[in-house]
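Numbering (my numbering), first residue to last: 117 to 713. Here a beta-carbon is modelled for each residue, glycine too, at the ideal position from N, C-alpha and C. None of the values given here were measured: they were computed from a predicted structure. Worksheet for the structure shown next.
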């Protein structure tokens, strides 16, 4: 079986570049060692290959169905894999020890999860969402809520979801209509419908913990009136056992292009089908304070956005490895200039095939570097020795999150596209895996905030907040890398000049876009801005990797150097016309009359 990720690449990024073992000196991680980090990665790779990868195509072909009684039927392999995952304690990952966690660095935990996302993205979605849900409740919930819901999720007995969108309001959360009515006992009754809820119903766990955005009457208009609630599928008895059905009903399953093994649901809260205590409405419990629900949910959403970037790069990565394997063994055509009687050569001998493989390598390895870098920022903000360092990590993470979500979602999808192309006609069939990777990955530019929303967030909020403090911090980090590379003769020095010049243009153009405060003009091409910044950030990641590989010998390091060369020669120059367009403050889209379509 082809490896779904490169362990060698992970080791390079974690140990030779990021020096993740430096975290071992921090109080939170003193019980760990490089050996425990490696053990978690070994275990994850083993379970991913043995139990997740084998049913990836099967779960795609046999997607979940809704039984007449409203329950969900799916292939048994999914539950088997998840039972093994939870029995291994992998759900505990980065959680605090006192609530049952392993207190792993987030960087290591996310590297471990990447194995599962590459092996079977759909099955990996269940623990991925559960971990994000539990993180939010552990951060904002009461001690009782942590005992009742977080600990069982860490143990793998309960799974979790996030319920934001509604049929009439996809990304526009200000327009949600789900309402919550406070009861005399301090609980709430929820009424409404939620749409596109991944893992929203199944029989994989004892209970499902829904985190639901809803409005309490009198809370005001728009997002300021939104509160957050824990709404379990099954209500708990006094001993914490899930025993009584809540008024949460599976209304239907959505049929998707990819990610078919993950149930994607419409849920109705409070339709009267199940009425605990004889009262209508789904029983829910307020998380934190009233009307602050969206700010709490962003804790989960931002974690999920970086996680989506990981899913995207994992799918791109496994497709890349499969296309390298195929190009190595598949013979077709002859070397340029060879006689017609010569033997066919492997696809990898053709320069254009190598171009497509290099493109994939530059995308997926660059994206993995960015994802792990952002994960290291999470560890820094959580365990820094002083408040200033923690605040800086948080600020930089805020700026990079839209890029870490969207760039892999766009360009690792392109890697999947190229993987199909390398396979030729076979790549367009279900007999090979790469067509499924493309379908699965196509979701990632959409959910957890579309590409357009991430562009608006980056240009409209993140780079201008606090007087541009986040942009200035990112500038200082990129500039520091450029300065280091300028002292290294050869490619690194040349690429440093190229990166520095491109980045300086982006900083200047950011000011130009906002020079008169006209938000409509500034944001008209925010998606182009996101792409240009994203490509420049990945170039930064490649220059960092090039410096980490400096002076080291072997095919692995030579491969790194050549992928960096490809990105700086083929990819970074693409930002030039984009920056030109942005600097012109073009109004083409603003001036387009909808009647012209």
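Identify, in the order they occur along the chain, each residue of the same chain with its Cβ nearer than 6 Å to the Cβ of residue i, setting aside the five sequence neighbours on each side.
i	result
residue 398	306, 347, 362, 363, 364, 385, 386
residue 629	638
residue 678	none
residue 662	608, 680
residue 126	227
residue 556	237, 374, 375, 431
residue 477	679
residue 197	167, 168, 239
residue 527	479
residue 172	236
residue 616	598
residue 275	242, 246, 321, 324
residue 594	619, 656
residue 658	482, 680, 683
So what does DSSP say about residue i, is it helix, strand or coil?
i	result
residue 385	strand
residue 68	Nothing about residue 68 can be read from this structure; the chain reaches only from 117 to 713.
residue 171	helix
residue 772	Past the boundaries of the shown model lies residue 772; the chain is included only from 117 to 713, so the question cannot be answered.
residue 553	helix
residue 366	strand
residue 380	strand
residue 276	strand
residue 285	strand
residue 244	helix
residue 343	strand
residue 251	helix
residue 239	helix
residue 165	helix
residue 405	coil
residue 219	coil
residue 542	helix
residue 290	helix
residue 395	coil
residue 256	helix
May I ask which residues mark the beginning and end of the alpha helix (DSSP H) holding residue i?
i	result
residue 657	642-664
residue 222	222-235
residue 415	409-445
residue 120	Element bounds for residue 120: n/a, residue is neither H nor E.
residue 480	467-499
residue 461	Looking at the DSSP string, residue 461 is not in any alpha helix (DSSP H), and its letter there is neither H nor E.
residue 784	For residue 784 there is no data in the structure shown, the boundaries of the chain being 117 and 713.
residue 676	671-682
residue 319	That residue, residue 319, is in no alpha helix (DSSP H); it is neither H nor E in DSSP.
residue 709	Premise fails: residue 709 is in no alpha helix (DSSP H) and is neither H nor E.
residue 510	503-539
Which residues share a DSSP beta bridge with residue i?
i	result
residue 690	Answer is none; residue 690 lacks a bridge partner.
residue 400	304
residue 295	307, 331
residue 188	182
The beta strand (DSSP E) that contains residue i, what's its start and end?
i	result
residue 307	304-314
residue 323	323-331
residue 211	Neither: residue 211 is in no beta strand (DSSP E) and is coded neither H nor E.
residue 266	Segment: none, residue 266 is in no beta strand (DSSP E) and carries neither H nor E.
residue 358	358-361
Within the 7 Å Cβ cut-off, does residue i reach chain D?
i	result
residue 471	Any reference to chain D falls outside this structure, which holds one protein chain only.
With a threshold of 6 Å, establish whether the CB of residue i neighbours any heavy atom of the ligand SAH.
i	result
residue 697	In terms of ligand content, the structure shown is empty, and the ligand SAH therefore cannot be addressed.
CB-CB under 7 Å to residue i, same chain, minus the five flanking residues each way: which ones, in chain order?
i	result
residue 444	462, 464
residue 497	506, 509, 510, 513
residue 558	373, 374, 529
residue 536	543, 544, 550, 551, 554
residue 272	202, 207
residue 435	531, 532, 535, 550, 553
For residue i, which residues from the same chain have a beta carbon less than 8 Å from its beta carbon, with the 5 sequence-adjacent residues on both sides left out?
i	result
residue 566	287
residue 284	291, 293
residue 415	251, 252, 255, 256
residue 533	554
residue 358	274, 322, 323, 348, 349, 350, 351, 352
Inset, instruction - Report the residue ranges of all alpha helix (DSSP H) runs contained in full by the segment 559-641; include only those spanning at least 4 residues, in chain order. - result: For secondary structure counted as the alpha helix (DSSP H) over 4 or more consecutive residues, the segment 559-641 holds these complete runs in sequence order: 567-573, 581-602, 607-629, 635-639.
Legend entry - Every unbroken alpha helix (DSSP H) inside the segment 129-163 [4 residues or more]: List check, alpha helix (DSSP H) in window: 150-163.
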